[in-house]
Each structure stands twice: as C-alpha cells, then as structure tokens.
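*Asks:*
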C-alpha cells in the first residue's frame, strides 16, 4: 500500500514538474500567431488588404503618374518598415537563444538556501538562455575571439531569476565605475569605427596595459576559452559573488558554475578566422541543428559556497570579480542540471527582446558587496529601459509566469489594463498589499555595516597577478602555446609601440618565459629577469581538459565524407549507420551538390546517394572530422582535385580526426606528406592503424561492419570505433606539439 502510494505521489510530482517546465511556452502561446494559406492579409488595424504591390497613384493605365499620400495602406507598410529596428545592445549585441528547463537533483542545497528553485527536486523550472559575443555589433561574426555571454532567465513561481553570466569566470575590472572606460576601449576605435568584433587594436591593449587589474581576465581572453567550438561546448559562470540565505537566516557567499555535458572545446585560431568569413552564423546554426536533431545541449549546475564567517579567510578578496575561488580551497558542489530543448519561433520577439538584470533574484538568494555587481544591478535595469522602454518586463519573453500585481502604471507601450479605482498604497479598498516574509515576501539579509564614506578599494583588491600566474601554470602545453599565439596576433595588430611594449613588460609580472617569447615575436620589451617569482601554483579545473565528459561522446559531431563517382557505397552506408548510433551526423561532400554514383553504377543513370555540399561551397572548417572511403575511381578523382586535397590538409593542420579506408588512404598519403604519420597500406586487411589522430585500414566491408560493435575506444580492429575515439578527443594536439602541423601548407 505504502509502495503504491509512493508511486502515485511520484507520478503526480512528475506530472506537475512537466507542466511547470512548459509554463513559459504556454504563456508565450498567448502572443503566438500561426499564419497559414487560409490567412487573409490585413492592415495593423484589421482592414483586409486587396493589393500589396502597387502604391495608389494617378494613372491613365498606360503611363506612370504621381503617387498619392492618401494611400493609407502603403503609408502604413512603409512607415512600419522604417521603424522595425530598435537600439541594439551596447555590448552583447550579437546573440542566439533557446528555451529549456532547469531542475535540481535533490534538496542538499537547503543547508544554504530556502529558495525552492534550488531545493525542490519535484520542480522543472522553464528557462531561456541567450548566448552572445561582447564586442561586436549585431552583424559581426560568431567565431571572433571574445568573451561569450551566457545569460539565463529562470521563470520561477516566486518570480524571474536572472543569472547574467559569461563563459569566463572573471572580468576585466573590479569596480563598475570603470565599465564605461572598458567598453569604450574594447569597442571599435572612435575615429574610424575599426576593428569590428575583435580586441586586436591599440585602444584595448592601451587600456588593459594601464589597468593591471585586468591581467587575469586578459589571460582567459587569450586562451582557447575565447574561441569556443560551440555554445553547447562552453562552460558558464555567474562571474559575480552572490549570497544564499537558508531557513535559519544564515548567509553563505556563492558562485554559480555551468558545466557542459559535451565538455569544453574550442576552435583553432586559423579555423575561427576562416569560419568568420565562410559562415559567420556558425554558432547560431550549430545550436539550432543540435536541438532539432534530437540532441539538446545539457549542463550540470554547480555552486561554490563560502560561509559568511570565512569571508576574510583567503589571500584574495572573495568579492573581487577579477578573482576565481580555487577549487582546492572551495570545492564545487553539483546540485542540478539544465537542458535547452526548444528553438525560438521568431528571433526578434524572443532572442532580441529578451532582457536580463543581475538585480532580478528570488527569496533565498541575495546580493553581496561585490563592487562590480553593485553597479551591474543599477546599469542593467537602466539599459533595458533605454533599449525597450519602461514596460519591457511586460514583453512576452520577459514577463514572469507567476501573478504580477503592483502600482506601477502607464509609460510607453503599457499593455496591462488595471480594473481598479486605486493605484497607490495604502488604499481604502485594501488592494495589492505587501507580502510578509513568512508568506514569501522578499526580505533583505540584515547585514551589519560599519565604515566611512570614501572612494577606496580594500588592500586585497590591490594584488593583480597571482591568479593570472596560476591560470598560466594550470594550462597544458598546447593551451599555453595557443595563449602565446593569441598575444602575438593581438599585439602585432597594435601599431603604437607604447602599447605593445608596455604590455610585454606587464607579462613579465605573470611569467618570464611567456613575456620573453611574446616580446621577441612582436618587437616588445624582452625582460632580463623575472619581475617576480613563479611558485608554480595550479588549479587543474582551469584547463578545459579537466571538463572532459566522464565517458567518451561523439553526439552532434559533424563528420564530412569526401566522395566522388566510383566510391564504395556499401562501406559508406555501413560507416554512416555506425556513427548514427553515436548520434554523430555525417555529411556527403562531393564534386557537386547532387547525385554521386557509386562503384559499378552508370553515371547519370539510376539512383545514387546525394551529396549535401560540394568541395567548394563547404570547407573542412565546418566539420569535426573527415573520412575518405575506398573506391578506385573515386580516389583517382580526389587525387586530381586540389580542393579535395586541401580539405584533408586543412583538417590535418587543424588537428581534427581523419579516417580513410582502402584506396582512400592514397588521398591521405598525398595530402599529408609529413614524416611520422603511419598509414595502413594493406588492401586486404581490416586491421586498424591510428597515428596522430589519423585512422586508416585496408577494408571495411559488411563483415567488418557486422563485427565492429560500436564503442568509442581504440583497438586493433573496428575502424569506426577507433575513428570515433579520435573524434571524441576533439582534437589531436600532439600534432601541434610535435611540429607536424607546421609542415603543412593550408
């Protein structure tokens, strides 16, 4: 009986949770319009339109005459079009968004907070997340080197909670009063509006060189974190320090972390530059493709917590937004997860009009005295009013799913009709009363504050290099090399020697070898000796490699299959079926978009596989791996096709997994003329050779497919399993470290 009751209760909780998770989608349906072939065209005021192609004019039917201003239909159409644009965001202008849900695993966070969104495991809270770049305009490219915004709106029964985060846990400045200076410096230079979507210019490096508190953030911005492979493969952070209040009235300081299920992965810099031109919407498309293909992105939600009594127990100030809390001192606690499972129906009313405020919190969550957060709490609300109007929170994407009652009235674009004779408190009708804290009313934590009114920062805020040094020490060899390359690229674009020489001098405060290497490459100031000692302190969590999935995964990875007429169709079909088991996507790339005929087929007759793209209209940069199947005639064609050879060379130089079977190995031999790469050359064996992420075998016939039980692991047999293993590692960076990529022209 008890077990049956428990099952019923579980089902009820699940049903309630599901309904709650869909609450925002149902709310948006109130404003959703579904045009169809039976929909009749009207004006905005509802009059049916008979002609939308000709402005009313005076005409004899043969000659054009003057247009008439009395044409209210034409005037409405043109005037509405003239006013479609709204001010774009000053920062984070370019973005992409999606809907989903958030849930906690259990109530273990209740020792820190009484907020149900973080403690009630039966809830499924609807969310909307907007990813973005920072520096560029709405028309800039997705893959530029930049911080990425990672802002989440949670629609809880207690009100909206906004976590306005980034994919980097620290920021350039400590105090919000410096925000206008930073943004002016990072944006295109005022005299010519150049450059767009990048920091490689004098003003940015001038500012950060004179503002050493930015040193830690600059290290992150020069790392692979600033060129993510996908929004789905980014780690997220709340950046600022918030507080949690539990049922006993005890306060803890907290930082929020979002850990991607797929791991944190990045593009190579050459790759990012090329994609910015080849497909500037790469990240937007990637997010939509993953959700629509049934692989919704997922993150684990974790917190770092410090008891109020321990606030001053660290060598750094925990309220300093230019500092992380090292995980060996403050471990992560995984308490929940969130999933994005629905794309937007229309970009503008959802992704463009969504607006976030760090000041939007719910009972059980509070602010800290973090000086950057204090300013953000003012600025974000203010900027939304400037961009969207004072009633921006009534827009469908921004409005809460819980009831909203207050005495705020009027203003431009007021949508709410209040049926009441009073609009103030107190009032004779006893309407819209404040809510006691015991019944859910928000109340501030009673913090005792003693001090003098003055413009100062604490002593711990004056130290700027320890954590920048720790970040550098925590990087793997290939991550360090990428940071060096990034500094060289950026500073080489500065033509004022005061700027690049000053910053190479500053780098010596972080690491002598780093400063020396960069200075020599950019004609900076090479140091004679270290400016300070490097004790070698590390935090392994800072490297992206620490976020590798617990089990290898290739879901949503894009695999390009290079084919020409005469390819082995049975092999390709088998390989595609195997990769589909791992939820990877495969794309045929051929000499033309359209039918490509397999070995034994008459070209132009009968059925054939259809190439998704040609060698020219897509490039290897758009894919995670390249595979060249067997087939004698097909291989001969590829060997004579320079663009196909370039596909393989470029993928190799970008450290991507590459696979080939039979005659396809000949294509790799021509494309990758680098000593040290072992390729399998025996055509009659299904033994697999894996060398620097290049996987080859002699044959992969139906028998080999049947015995190749799909698993993501290396081994002497199983071509797909071995190639999947290399793909799951994201890149083979040993190629870079051993100098193999330097020998490739791409």
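In full-length UniProt numbering, the protein residues as written are 1 to 746. Every residue gets a Cβ at the ideal spot worked out from N, C-alpha and C, and that includes glycine.
Taking one C-beta from the segment 272–289 and one from the segment 406–415 each time, how about it: are there three or more such pairs within less than 8 Å?
*Replies:* Because the criterion of three Cβ pairs below 8 Å is not met, the segment 272–289 and the segment 406–415 do not touch.
*Asks:* Return the CA-CA distance between residue 11 and residue 400, expressed in angstroms with no decimal places.
*Replies:* Reliability of the predicted coordinates at residue 11 is poor, the pLDDT of 45 falling under 50, and the value obtained from them is presented with this limitation in mind. Going from the Cα of residue 11 to the Cα of residue 400 covers about 26 Å.
*Asks:* Kindly indicate which three-state DSSP category residue 6 falls into: helix, strand or coil?
*Replies:* Here the model assigns residue 6 a pLDDT of 49, short of 50, so the residue's position is not dependable, and the following value carries that caveat. Reduced to three states, the DSSP call for residue 6 is helix.
*Asks:* Have a look at residue 726 and residue 445 and give me their C-alpha separation to the nearest angstrom.
*Replies:* If you take the alpha carbons of residue 726 and residue 445, they lie about 52 Å apart.
*Asks:* Alpha carbon to alpha carbon, what distance is there between residue 107 and residue 7?
*Replies:* Only weak support is given to the placement of residue 7: the predicted model assigns it a pLDDT of 48, under 50, and the question is left unresolved by the model.
*Asks:* For residue 166, which three-state DSSP category applies?
*Replies:* Three-state DSSP puts residue 166 in a strand.
*Asks:* Return helix, strand or coil for residue 130, following the three-state DSSP convention.
*Replies:* Residue 130 falls in the strand class under three-state DSSP.
*Asks:* Any idea what DSSP makes of residue 68, helix, strand or coil?
*Replies:* Residue state, collapsed to three classes: coil.
*Asks:* Write down every uninterrupted run of the beta strand (DSSP E) in the segment 619–654 whose length is 3 residues or greater and which is fully enclosed by it, in chain order.
*Replies:* Listed in chain order, they are 625–628.
*Asks:* Indicate whether residue 685 and residue 698 have their beta-carbon atoms separated by less than 7 Å.
*Replies:* The answer is yes: Cβ separation under 7 Å.
*Asks:* Rounded to whole angstroms, how far is the Cβ of residue 100 from the Cβ of residue 340, which I believe are closer than 8 Å?
*Replies:* Yes, residue 100 and residue 340 are in contact; Cβ-Cβ is about 4 Å, under 8 Å.
*Asks:* Leaving out five residues on either side along the sequence, give the residues of the same chain with a beta carbon under 6 Å from the beta carbon of residue 555.
*Replies:* Closer than 6 Å at Cβ, skipping near neighbours: 295 and 583.
*Asks:* Between which two residues does the beta strand (DSSP E) holding residue 736 run?
*Replies:* Element bounds for residue 736: not the beta strand (DSSP E) but the alpha helix (DSSP H), 734–737.
*Asks:* Find out if the Cβ-Cβ distance for the pair residue 683, residue 661 is shorter than 7 Å.
*Replies:* For residue 683 and residue 661, no; Cβs fall outside 7 Å.
*Asks:* Tell me the residue span of the beta strand (DSSP E) that contains residue 243.
*Replies:* Element bounds for residue 243: 242–245.
*Asks:* Closer than 6 Å by C-beta to residue 482: which residues in its own chain qualify, once you throw out the five before and the five after it? Chain order, please.
*Replies:* Here the set comprises 224.
*Asks:* Per DSSP, residue 267 forms a beta bridge with which residues?
*Replies:* For residue 267, which the question treats as bridged, DSSP gives no partner whatsoever.
*Asks:* Let me make sure I understand the geometry here. Which of 256, 165, 270 and 131 has the alpha-carbon closest to that of residue 305?
*Replies:* The residue with the shortest Cα to Cα distance from residue 305 is 256.
*Asks:* Please work out which residues of its chain come closer than 7 Å, Cβ to Cβ, to residue 327, disregarding the five sequence neighbours upstream and downstream, and give them in chain order.
*Replies:* Excluding residues within five positions, the ones whose Cβ falls inside 7 Å are 539 and 541.
*Asks:* Going by the DSSP bridge assignment, what does residue 228 pair with across the sheet?
*Replies:* Looking at the DSSP assignment, residue 228 forms a beta bridge with 266.
*Asks:* Can you tell me whether residue 681 is buried or exposed, with buried defined as 16 or more other CB within 10 angstroms of its CB?
*Replies:* The residue in question, residue 681, is exposed, as its Cβ has fewer than 16 Cβ neighbours within 10 Å.
*Asks:* Which one of 617, 600 and 618 has the shortest CA to CA distance from residue 634?
*Replies:* Closest by alpha carbon: 600.
*Asks:* Throw me the rounded Cβ distance for the residue 744 and residue 652 pair, which I believe falls under 8 Å.
*Replies:* Yes, they are in contact, since the Cβ atoms of residue 744 and residue 652 sit about 6 Å apart, within 8 Å.
*Asks:* Going by DSSP in three states, residue 277 sits in which element: helix, strand or coil?
*Replies:* Of the three classes helix, strand and coil, the one that applies to residue 277 here is helix, per DSSP.
*Asks:* By the three-class DSSP mapping on this structure, what secondary structure does residue 353 have?
*Replies:* DSSP places residue 353 in coil when its eight states are reduced to three.
*Asks:* Can you check which of these residues, 322, 323 and 329, is closest to residue 313 by C-alpha distance?
*Replies:* The shortest Cα separation from residue 313 among 322, 323 and 329 belongs to 329.
*Asks:* Using a Cβ distance threshold of 8 Å, determine whether the segment 490–504 contacts the segment 206–214, with at least three qualifying pairs required.
*Replies:* Yes, they touch.
*Asks:* Rounded to a whole number of angstroms, what is the C-alpha to C-alpha distance between residue 302 and residue 571?
*Replies:* Between residue 302 and residue 571, the C-alpha separation is close to 44 Å.
*Asks:* Can you tell me whether residue 257 is helix, strand or coil according to DSSP?
*Replies:* Three-state result, residue 257: strand.
*Asks:* For residue 734 and residue 678, I'd like the C-alpha separation in whole angstroms.
*Replies:* Distance between the alpha carbons of residue 734 and residue 678 is about 14 Å.
*Asks:* Report the CB separation of residue 656 from residue 612 in whole angstroms; it is logged as a contact under 8 Å.
*Replies:* Rounded, the Cβ-Cβ distance is 18 Å, inconsistent with contact.
*Asks:* How far does the alpha helix (DSSP H) with residue 375 in it reach, from first residue to last?
*Replies:* 371–388 is the extent of the alpha helix (DSSP H) around residue 375.
*Asks:* With a threshold of 8 Å, are at least 3 pairs of Cβ atoms found where one atom belongs to the segment 703–721 and the other to the segment 234–251?
*Replies:* At 8 Å Cβ cutoff, the stretches do not touch.
*Asks:* DSSP has residue 554 in a bridge; who is on the other side?
*Replies:* Note: residue 554 sits in no beta bridge, so no partner.
*Asks:* Roughly how many whole angstroms lie between the Cα atoms of residue 640 and residue 226?
*Replies:* Whole-angstrom Cα-Cα distance: 38 Å.
*Asks:* Kindly indicate the opening and closing residues of the alpha helix (DSSP H) around residue 664.
*Replies:* 664–671 is the extent of the alpha helix (DSSP H) around residue 664.
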